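Colleague: My structure is below; once you've seen it, I'll send some questions.
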Amino acid sequence: MRLKRTISLQHLAASRFAVSPKQLKASSFKATILEIGSMEMAFPALHIVEPRSAHTHSAILLHGRASNGADFAEEFFDSPTSEKKNLPAHFPGCRWVFPTSRERWSVVFEENMTAWFDIYSLVNISEKQDLQVEGLKESTAYLLDLLESEIALLGGRSDKLVLIGMSQGMATALWTLLCSPGRIKGKIGGFIGMSGWLPFAGDMQCQSPSQSLQDVISTRCGEQIQATDEEVKKMLSTPVLLLHGTDDAWVDIELGRQASAGLAQLGMHAVFKEYTGADNDGHWVKEPEGVDDITGFLGDIYPRET
Numbered sequence: 000m001r002l003k004r005t006i007s008l009q010h011l012a013a014s015r016f017a018v019s020p021k022q023l024k025a026s027s028f029k030a031t032i033l034e035i036g037s038m039e040m041a042f043p044a045l046h047i048v049e050p051r052s053a054h055t056h057s058a059i060l061l062h063g064r065a066s067n068g069a070d071f072a073e074e075f076f077d078s079p080t081s082e083k084k085n086l087p088a089h090f091p092g093c094r095w096v097f098p099t100s101r102e103r104w105s106v107v108f109e110e111n112m113t114a115w116f117d118i119y120s121l122v123n124i125s126e127k128q129d130l131q132v133e134g135l136k137e138s139t140a141y142l143l144d145l146l147e148s149e150i151a152l153l154g155g156r157s158d159k160l161v162l163i164g165m166s167q168g169m170a171t172a173l174w175t176l177l178c179s180p181g182r183i184k185g186k187i188g189g190f191i192g193m194s195g196w197l198p199f200a201g202d203m204q205c206q207s208p209s210q211s212l213q214d215v216i217s218t219r220c221g222e223q224i225q226a227t228d229e230e231v232k233k234m235l236s237t238p239v240l241l242l243h244g245t246d247d248a249w250v251d252i253e254l255g256r257q258a259s260a261g262l263a264q265l266g267m268h269a270v271f272k273e274y275t276g277a278d279n280d281g282h283w284v285k286e287p288e289g290v291d292d293i294t295g296f297l298g299d300i301y302p303r304e305t
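Position 217 of the sequence shown, counting from 1, maps to 216 under numbering that gives the first Met the number 0, and the rest follow consecutively.
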């Protein structure tokens, strides 16, 4: 039985926020705890599930609001494919890296909780969106360092790395991807987003063809992308898979559709999959169909056990 973690029920009843979806019994996968770089005081240790065979590829996976890397690893790897196997069993050469966001003050919940950034509303993500800026800047800087570190372990092969995010983790991972030109040489192997949204998606949809991605990033976060046009084009060609439940009670599917449309406005092509009947009121990956789709997507990037 899967149990949902709940916080401040009167706020959740207003359907403003998505919280971490599930708490599960402990599983027996091998994990390692590490620290990274200059951000180790601000962010907790990494939770790493080491490859079962020779390390060939890596994935960095971001949890949702009020969760953490270790819990997300248990939850995600407890979700089977139609072959009754989890992702590490399908891809034994992959190293799975689960960072944890630091705790930050939630304006609405009026308490500290793990969150990649603060947000006022998921009914209208543009409402008081300045609250998002500080956390996004901090988390993106940390995650870009983490991507560079993991790519170095892969011998500089950025195409062997996939970035994955759930709920607010998808929003943060997607923003990190958009900020990556100039920091990440080449392009990463792929991006998977689940039950999430695109921060400042309205800016993407409103921009004219003459506006650049740098304009959007610098306007919202005051950051300049130091990248050539070719580096931006490489990032925009990253394979993207987005998954969302039509009955998602925490992050409405329209936000997922808006994310897909925003990426298209930038010139990216995202495969957008919709499902009905997933766990946690639709706010999770549909089993096994969604997990099968993830496995198929990763199978084009990772060597798969046959």
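Positions of the beta carbon are idealized from the N, C-alpha and C atoms, including for glycine.
Predicted model only: the values in this text are computed from it and were never measured.
To the nearest angstrom, how far is it from the Cα of Ala88 to the Cα of Gly164?
Modeller: For the purposes of this step, residue 88 is taken as residue 89 along the sequence shown, with counting starting at 1. For the purposes of this step, residue 164 is taken as residue 165 along the sequence shown, with counting starting at 1. Rounded to the nearest angstrom, the two C-alpha atoms are 20 Å apart.
Colleague: Am I right that Pro238 and Gly92 are in contact with their C-beta atoms under 8 Å? What's the rounded C-beta distance?
Modeller: For the purposes of this step, residue 238 is taken as the residue at position 239 of the sequence shown. For the purposes of this step, residue 92 is taken as the residue at position 93 of the sequence shown. About 19 Å separates the two Cβ atoms, so there is no contact after all.
Colleague: What residues are listed by DSSP as bridge partners for Thr113?
Modeller: Start at 1 with the first residue of the sequence shown, and residue 113 comes out as number 114. Paired residues: Glu102.
Colleague: Are the segment 163–181 and the segment 131–151 in contact at 8 Å, needing three or more beta carbon pairs?
Modeller: Cβ pair count under 8 Å is three or more, so yes.
Colleague: In this structure, does DSSP put Phe75 in helix, strand or coil?
Modeller: Residue mapping note: residue 75 aligns to position 76 of the sequence shown, counting from 1. It is helical.
Colleague: In terms of residues, what are the limits of the alpha helix (DSSP H) holding Ala170?
Modeller: Taking the sequence shown and counting its residues from 1, the one referred to as residue 170 is at position 171. Element bounds for Ala170: Gln167 to Leu177.
Colleague: Going by Cα to Cα distance, which pick from Leu160, Ile187 and Ile293 is closest to Thr55?
Modeller: As a working note, residue 55 is residue 56 in the sequence shown. Considering only alpha carbons, the answer is Leu160.
Colleague: Which first and last residues belong to the alpha helix (DSSP H) in which Met193 is found?
Modeller: Counting from 1 along the sequence shown, the entry for residue 193 is found at position 194. Careful: Met193 lies outside any alpha helix (DSSP H), inside the beta strand (DSSP E) at Gly189 to Met193.
Colleague: Applying the criterion that 16 or more other CB atoms from any shown protein chain within 10 Å of the CB defines a buried residue, is Gly244 buried or exposed?
Modeller: Here residue 244 refers to the residue found at position 245 of the sequence shown. Buried is the call here.
Colleague: Does the segment 244–258 come close enough to the segment 271–281 to have 3 or more Cβ pairs within less than 8 Å?
Modeller: Enough Cβ pairs lie closer than 8 Å, so yes.
Colleague: The alpha helix (DSSP H) that contains Ile293, what's its start and end?
Modeller: Start at 1 with the first residue of the sequence shown, and residue 293 comes out as number 294. From DSSP, the alpha helix (DSSP H) with Ile293 extends over Glu288 to Gly298.
Colleague: Any idea which residues DSSP pairs Ser57 with across the strands?
Modeller: Here the question's residue 57 lines up with position 58 in the sequence shown. Answer by DSSP bridge pairing, in chain order: Arg94 and Leu160.
Colleague: Counting C-beta neighbours from all protein chains within 10 Å, is the total for Thr99 16 or more, i.e. buried, or is it exposed?
Modeller: Taking the first residue of the sequence shown as position 1, residue 99 is located at position 100. The residue in question, Thr99, is buried, as its Cβ has 16 or more Cβ neighbours within 10 Å.
Colleague: So what's Glu39 in DSSP terms, helix, strand or just coil?
Modeller: Locating residue 39 in the sequence shown gives position 40, where the first residue counts as 1. With a pLDDT of only 43 at Glu39, under the threshold of 50, the placement of this residue in the model should not be trusted; the figure read from the coordinates follows. Three-state DSSP puts Glu39 in coil, outside helix and strand.
Colleague: For Phe71, collect the residues of the same chain with a Cβ closer than 7 Å to its Cβ; drop the 5 residues on either side in sequence, then sort them by chain order.
Modeller: Position 72 of the sequence shown, counted from the start, is the residue given in the question as residue 71. Cβ within range, chain order: Leu60, His62, Phe97 and Met165.
Colleague: Who are the near neighbours of Ile300 in its chain, counting only those whose CB is closer than 8 Å to its CB and skipping five residues on each side?
Modeller: By one-based count along the sequence shown, residue 300 stands at place 301. Around Ile300: His56, Asp158, Lys159, Val161, Gly188, Gly189 and Pro238.
Colleague: Quick check: what's the CA-CA separation for Ser148 versus Leu86?
Modeller: As a working note, residue 148 is residue 149 in the sequence shown. As a working note, residue 86 is residue 87 in the sequence shown. Going by the C-alpha atoms only, they are around 23 Å apart.
Colleague: To the nearest angstrom, how far is the alpha carbon of Arg156 from that of Glu110?
Modeller: On the sequence shown, position 157 is the one that residue 156 refers to. On the sequence shown, position 111 is the one that residue 110 refers to. In a straight line, the C-alpha of Arg156 is about 41 Å away from that of Glu110.
Colleague: Between the alpha carbons of Ser52 and Pro79, how many angstroms are there, rounded?
Modeller: The residue you call residue 52 lines up with position 53 of the sequence shown. The residue you call residue 79 lines up with position 80 of the sequence shown. Cα to Cα, the separation comes out at about 20 Å.
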